[in-house]
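Inspection log for the structure reproduced underneath, given as structure tokens.
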Amino acid sequence: MEFARRLADLMLFRRGPQDMPGDQSSLVVSIAAYCIVLFIQVALVGSLAGALVQAGLATLMLGLYAATILRLRGLSNRFNQTATSLFSSGAVLTLIMLAPTHALRPYLDALRSATDPSQVPMPSPLFALVYLVVGIWGLAIYTHIYRNALGVPIVLGVAVTLGFEVLLMLVFSVLG
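For what it's worth, this note's numbering labels the leading residue of the sequence shown as 818, then goes sequentially.
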């Protein structure tokens, strides 16, 4: 219960990653939760094999990215708390996105099979808005985590957060 309270406070910007547990078990549970929920989200709109690869690779990349960024700043000792913060908040955000993802599946299926994408009816504006709002909230949370963990101004926190998103898009674009 204490972990959930700390996580809620982190996601509402009342606490930083330094307030999250730094033990190995919290980290492992956070990684597992993130990977499982991400697998479910991707499986809602794609194949199970693709979801397994994407969820596993995204999880691995997030951990490696956080470790690398912290190491570059000489702050490797902050990895467990930072990674626990990133993975656990990411799991909650992805969980929130499950319903909108499921609702957008017909649109994505129609878009994939359309010969003329302009003829595909637009998805519900409500679900598109939820996606946008939760996406921006997620970027803000990750910026908050990186800014606090790295001890940098918010502009650099934004840059680090966007750097990961660009890296993720590049890797998944190359992999197809």
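All residues carry an ideal CB built from backbone N, CA and C; glycine is no exception.
No experiment lies behind these values; they were computed from the predicted model shown.
Pairwise C-alpha distance: residue j and residue i
i: PRO923; j: ASP933; result: 16 Å
i: LEU881; j: ARG895; result: 14 Å
i: GLN841; j: LEU925; result: 38 Å
i: LEU860; j: LEU877; result: Looking at the sequence shown, residue 860 is not Leu but Ala. So the two alpha carbons sit approximately 18 Å from each other.
i: ARG822; j: PHE830; result: 12 Å
i: ASP826; j: VAL991; result: 37 Å
i: ASP836; j: PHE989; result: 33 Å
i: LEU987; j: ARG832; result: 32 Å
i: PHE981; j: SER935; result: 31 Å
i: ASN965; j: ALA866; result: 36 Å
Expected contact under 8 Å - CB spacing of residue i and residue j to nearest Å
i: ILE962; j: THR899; result: 6 Å
i: ILE857; j: LEU915; result: 7 Å
i: PRO834; j: PHE820; result: Actually they do not touch by this definition, with Cβ atoms about 13 Å apart.
i: PHE904; j: SER847; result: 4 Å
i: ILE984; j: ASN897; result: The sequence given here has Leu at residue 984, not Ile. About 22 Å; that fails the 8 Å criterion.
Residues near residue i in its chain [Cβ-Cβ closer than 7 Å; skip 5 each side]
i: MET828; result: SER906, VAL909, ILE958
i: LEU949; result: none
i: ALA868; result: PHE856, VAL859, ALA860
i: GLY952; result: none
i: LEU912; result: VAL854
Residue burial classification, residue i (beta-carbon count within 10 angstroms, cutoff 16)
i: THR885; result: exposed
i: GLY955; result: buried
i: LEU921; result: buried
i: PRO917; result: buried
i: ARG888; result: exposed
i: ARG929; result: exposed
i: ALA931; result: exposed
i: LEU967; result: buried
i: LEU824; result: buried
i: ALA883; result: buried
Minimum Cβ-Cβ distance from residue i to chain D less than 7 Å
i: MET914; result: As a matter of chain content, chain D is missing from the structure shown, which is built from one protein chain.
Proximal residues to residue i (C-beta, below 8 Å), its chain only, five neighbours per side dropped
i: THR960; result: ILE971, GLY974, VAL975, VAL977, THR978
i: HIS919; result: LEU861
i: VAL937; result: TYR924, ALA927, LEU928, ALA931
i: THR901; result: PRO834, MET837, PRO838, GLY839, SER843, LEU844, SER847
6 Å CB neighbourhood of residue i in its chain, flanking five on each side removed
i: SER893; result: LEU887
Open item on the list: Can you confirm whether the stretch 974-981 touches the stretch 936-953 when touching is taken to mean that 3 or more C-beta pairs between the two stretches lie within less than 8 Å?
Closed with: Pairwise C-beta distances place the stretch 936-953 out of contact with the stretch 974-981, as fewer than three of them are shorter than 8 Å.
Open item on the list: Check whether the stretch 873-882 and the stretch 847-861 are in contact - that is, three or more C-beta pairs closer than 8 Å.
Closed with: Short answer: they touch.
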